[in-house]
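J.:
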Amino acid sequence: MFDSIATLRAETVTQDASLNEVTTYTDREVFVHPASVRMSEFYQAANAGLKPELVLVLANFADYQGERVVLFDGKEYTVLRTYQRPDRDSLELTLEERVENGA
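Each residue of the sequence shown is one higher than the one before, counting from 28 in this note's numbering.
Take a look at the structure:
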């Protein structure tokens, strides 16, 4: 079931000697199961100006360490929401495709 791989990407922003912001990334790969965004969640998010596109289920909630960026299937996503299922150890990440600099 958890046979796909996603990369969880932690961002660290620092300043260089010229006081420019420099972003570095620390990547970790985890096993996931892709799922669809539920219709009710999609429409509620759309009302708030968000566009959830994908849900990735992690086999164990301990695999997630607060990363806000996820690479999956050649695309970069931002984590909109996390949900730990009360009856399982799994964690759902609701994702929106990431757009840099308004592009």
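Cβ atoms here follow ideal geometry from the backbone N, Cα and C, with glycine treated the same way.
Just to confirm my understanding: we take residue 93, look at its own chain, exclude 5 residues before and 5 after, and list those with CB closer than 8 Å. What are they?
T.: Position 66 of the sequence shown, counted from the first residue, corresponds to residue 93. 37, listed in sequence order.
J.: Let me confirm a value: residue 126 is counted as buried when at least 16 other C-beta atoms fall within 10 Å, else exposed. Which label applies?
T.: For the purposes of this step, residue 126 is taken as residue 99 along the sequence shown, with counting starting at 1. So residue 126 ends up on the exposed side.
J.: By Cβ distance below 6 Å, which residues in the same chain neighbour residue 130 in space, the five residues on each side in sequence not counted?
T.: Taking the sequence shown and counting its residues from 1, one reaches residue 130 at position 103. Low confidence applies to residue 130: its pLDDT is 43, below 50, so where it sits in the model is not reliable, and the reading given next is rough at best. Nothing meets the Cβ criterion.
J.: With the cut-off set at 7 Å, would you say residue 118 and residue 106 are in Cβ contact?
T.: As a working note, residue 118 is residue 91 in the sequence shown. As a working note, residue 106 is residue 79 in the sequence shown. Cβ atoms of residue 118 and residue 106: not closer than 7 Å.
J.: Hey, out of 89, 51 and 108, whose CA is closest to residue 79's CA?
T.: Position 52 of the sequence shown, counting from 1, holds the residue named residue 79. Of the listed residues, the one whose Cα sits closest to residue 79 is 108.
J.: So, is residue 40 buried or exposed, given that buried needs 16 or more other C-beta atoms within 10 angstroms?
T.: What you label residue 40 is simply residue 13 of the sequence shown in a count that begins at 1. By the neighbour-count rule (16 or more Cβ atoms within 10 Å), residue 40 is not buried but exposed.
J.: Which whole-angstrom value is the C-beta distance of residue 59 and residue 96, which I expect to be below 8 Å?
T.: As a first step, residue 59 is located in the sequence shown; it is residue number 32 there, counting from the start. As a first step, residue 96 is located in the sequence shown; it is residue number 69 there, counting from the start. About 14 Å; that fails the 8 Å criterion.
J.: What is the residue span of the beta strand (DSSP E) that residue 64 lies within?
T.: As a position in the sequence shown, residue 64 is number 37, starting the count at 1. Looking at the DSSP string, residue 64 is not in any beta strand (DSSP E), and its letter there is neither H nor E.
J.: Would you say residue 57 and residue 35 are within 7 Å of each other, going by their C-beta atoms?
T.: Translated into positions along the sequence shown, residue 57 becomes position 30. Translated into positions along the sequence shown, residue 35 becomes position 8. Yes, they are a contact pair.
J.: Residue 99 and residue 44 look like a contact to me (Cβ under 8 Å); what is the Cβ gap, rounded to whole Å?
T.: As a working note, residue 99 is residue 72 in the sequence shown. As a working note, residue 44 is residue 17 in the sequence shown. No, residue 99 and residue 44 are not in contact; Cβ-Cβ is about 35 Å, not under 8 Å.
J.: What's the gap between the Cα of residue 115 and the Cα of residue 46?
T.: Numbered from 1 along the sequence shown, position 88 holds the residue referred to as residue 115. Numbered from 1 along the sequence shown, position 19 holds the residue referred to as residue 46. Approximately 45 Å between the Cα atoms of the pair.
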